[in-house]
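Just so we're aligned, residue 37 is where the sequence shown starts under our numbering, counting upward by one. Okay, so here's the structure we're looking at.
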Amino acid sequence: MSQPLLMPKATAVWLVDNTALSFEQIAAFCTLHPLEVQGIADGDVAGGIMGVNPIQNGQLTREEIEKAEKDPKYRLTLLEPKVRVAAAKRKGPRYTPISRRNERPNAIKWLVRNHPELKDAQIMRLVGTTKSTIDSVRESTHWNAANLAAMDPVTLGLCSQIDLDLEVKRASKGAVGPDEMDEGTTLMTAEEAMSRSGARGHSDENAPDFGTGADHGPERQDEFDADSVFARLKSLKSDTDN
Numbered sequence: 037m038s039q040p041l042l043m044p045k046a047t048a049v050w051l052v053d054n055t056a057l058s059f060e061q062i063a064a065f066c067t068l069h070p071l072e073v074q075g076i077a078d079g080d081v082a083g084g085i086m087g088v089n090p091i092q093n094g095q096l097t098r099e100e101i102e103k104a105e106k107d108p109k110y111r112l113t114l115l116e117p118k119v120r121v122a123a124a125k126r127k128g129p130r131y132t133p134i135s136r137r138n139e140r141p142n143a144i145k146w147l148v149r150n151h152p153e154l155k156d157a158q159i160m161r162l163v164g165t166t167k168s169t170i171d172s173v174r175e176s177t178h179w180n181a182a183n184l185a186a187m188d189p190v191t192l193g194l195c196s197q198i199d200l201d202l203e204v205k206r207a208s209k210g211a212v213g214p215d216e217m218d219e220g221t222t223l224m225t226a227e228e229a230m231s232r233s234g235a236r237g238h239s240d241e242n243a244p245d246f247g248t249g250a251d252h253g254p255e256r257q258d259e260f261d262a263d264s265v266f267a268r269l270k271s272l273k274s275d276t277d278n
């Protein structure tokens, strides 16, 4: 059965009272011992427990019960639930097997050395340790500090690589990179923008003017009156006549 049976003893009470199933069939379905089911039938066990109908709970069908009643060797099959409820996450420190608990200081030393951005609470979640142990390893005051060797907690089996990557990503989220600290996408204030534009305009004024047009040369800028022009034309005409 992929899903556990809800209230197995209460279900066994109902099956004993309302069906002709054998003790072995009820015990196999409710994950109980046959003698315990017999005690329920005799009233020695689960005297104050009210029976729960597995048909109403959607864990069994009437046809399945009738099929098992006809064949004593048949074993009831639990129905797959229509709605799956996510398992509640366990709060508190991660459970560490006894055989791995001696390796936690080594894992703490590795995390402190290779991921200093991790907070103590994150290391506690990954390794399943306490803050005092983390402080003692970080400050080299641990009772076995001389023999500690930095070891990857994933290799030691204390946490998964996915959990480690997730905690590292959370710790580094929002941190400013070295390339972004100079200017990058930093917005300038109004005063900085005005000062920069003023300095640029001042430099443009001092730059040489390479524009085109009739402004080049002092002779292009002189104003000519009509008398001087006609006098010049007369002198040219007299020269040609001679």
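Cβ coordinates follow ideal geometry from the N, Cα and C atoms, glycine included.
query                                                                                                                                                             : result
What is the rounded straight-line gap between the Cα of GLU105 and the Cα of ILE85?                                                                               : 24 Å
Figure out for me which residue from SER58, ASP78 and PRO189 has the closest Cα to the Cα of LYS109.                                                              : SER58
Count the other CB atoms, across all protein chains shown, that sit within 10 Å of the CB of ARG140; report buried if there are 16 or more and exposed otherwise. : buried
Could you compute how far the alpha carbon of LEU96 sits from the alpha carbon of VAL148?                                                                         : 53 Å
With DSSP collapsed to three states, give me the class of MET43.                                                                                                  : coil
When we look at the beta-carbon of LEU269 and count the other beta-carbons within 10 Å, is it buried (16 or more) or exposed?                                     : exposed
So ARG51 and ILE62 are in contact, right, with Cβ under 8 Å, and what is the actual spacing, rounded?                                                             : The displayed chain sequence assigns Leu, not Arg, to residue 51. At roughly 5 Å, the Cβ-Cβ gap stays under 8 Å, so LEU51 and ILE62 are in contact.
By DSSP, does MET86 sit in helix, in strand, or in coil?                                                                                                          : coil
How is ASP80 classed by DSSP in three states: helix, strand or coil?                                                                                              : coil
Verify whether the separation of the beta carbon atoms of LEU194 and ALA157 is less than 8 Å.                                                                     : no
Nearest to ARG161 by CA position, among ASP201, ILE91, ALA186 and VAL88, is which residue?                                                                        : ASP201
Just the C-alpha distance for LEU42 and ALA64, rounded to the nearest angstrom, thanks.                                                                           : 14 Å
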